[in-house]
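Residues are numbered in the working numbering as their position in the sequence shown, beginning at 1, plus a constant of 313.
Data first, discussion second: the structure below is written as structure tokens.
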Amino acid sequence: MKNYTCKLEEDKFYHIYNRGNNKDKLFYSNANYEYFLRKYDEYLSDFVETYAFCLLPNHFHFLVRIKNVSKLTESMISLKAISSIKEEVILSTEERFRRLFITYSQAINKQQNRHGSLFEKPFRRIEISNTKYLANLVFYIHANPTLHGIDKDFRMYAWSSYHRILISKPSKLQKAEVIEWFSDKENYVAFHSQKIEIEKIKQLLLE
Numbered sequence: 314m315k316n317y318t319c320k321l322e323e324d325k326f327y328h329i330y331n332r333g334n335n336k337d338k339l340f341y342s343n344a345n346y347e348y349f350l351r352k353y354d355e356y357l358s359d360f361v362e363t364y365a366f367c368l369l370p371n372h373f374h375f376l377v378r379i380k381n382v383s384k385l386t387e388s389m390i391s392l393k394a395i396s397s398i399k400e401e402v403i404l405s406t407e408e409r410f411r412r413l414f415i416t417y418s419q420a421i422n423k424q425q426n427r428h429g430s431l432f433e434k435p436f437r438r439i440e441i442s443n444t445k446y447l448a449n450l451v452f453y454i455h456a457n458p459t460l461h462g463i464d465k466d467f468r469m470y471a472w473s474s475y476h477r478i479l480i481s482k483p484s485k486l487q488k489a490e491v492i493e494w495f496s497d498k499e500n501y502v503a504f505h506s507q508k509i510e511i512e513k514i515k516q517l518l519l520e
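Listed below in structure tokens is the structure:
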């Protein structure tokens, strides 16, 4: 049985997933998508490296790696012993996700005049222990708009990292490393032009 609430550990890859409570909508406008990504960056960028994402009307996917302690700010390391910091990173990362969901929920509840939990609890995650699956998982995450009937051509979808990985604009996405998983940009584009084979990565899926 899959463990969807595994402990987050430094230097490991995770497929992160969450959806609206009772499959309710999370995003009602472009401004909502933009706000969520800004808050994601605000709360998580110091704790995770982000490789791919896709935001859909009622759920989202992220591929992340929890940052190594050595990549944290010097101020954190100077204050505490390494062992203490490692535990803080794990706890802080989960707490940061929780704060992201709370902050975003408050904004949407106010906007929509709704009450109660917006997101399902707890958020789902699964460790990617075999890196050979990473390219296929990136493809799957990007292909979600087509798989869910939202956009016939997911490559045209605005709220995923597909195009962001290709452009040279500065970003906190780990674009160079993602491209390396596909060898180069040409193969990245070609890989995303094929038919997705869910069977290859079904053990990594959270839906």
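Backbone N, C-alpha and C fix where the C-beta goes; we use that ideal spot for every residue, glycine too.
Computed from a prediction, not measured in an experiment: that's the story for all the values here.
With a cut-off of 8 Å on Cβ pairs, the stretch 352-365 is in contact with the stretch 479-495, counting three or more such pairs.
Checking the DSSP bridge columns, you'll see HIS461 has no partner listed. In this structure LYS325 is in contact with GLU440, their Cβ atoms being roughly 6 Å apart against a cut-off of 8 Å. If you draw a straight line from the Cα of LYS352 to the Cα of GLN419, it is about 12 Å long. By the Cβ test, the stretch 427-446 is not in contact with the stretch 459-472, since fewer than three Cβ pairs between them sit closer than 8 Å. Within a 10 Å sphere around the beta-carbon of ASN316 sit fewer than 16 other beta-carbons, which makes this residue exposed. Nearest in C-alpha terms to ARG412, of all of GLN424, GLN425, ASN426 and SER430, is SER430. In this chain, the beta strand (DSSP E) harbouring LEU376 covers 372-379. In the three-state reduction of the DSSP assignment, ASN316 falls in the coil class, being assigned neither a helical nor a strand state. The straight-line gap separating the alpha-carbon atoms of PHE410 and GLN424 is approximately 21 Å. With fewer than 16 other Cβ atoms from the protein chains shown falling within 10 Å of its own Cβ, VAL502 counts as exposed.
Here HIS328 carries a strand assignment [DSSP, helix/strand/coil].
If you ignore the 5 residues before and after VAL361, its C-beta comes within less than 7 Å of the C-beta of VAL377, ARG378, ILE379, LYS380 and THR406, all in its own chain and listed in chain order.
Residue range 488-494 is occupied by the alpha helix (DSSP H) that includes ILE492. GLU440 is bridged by DSSP to TYR327.
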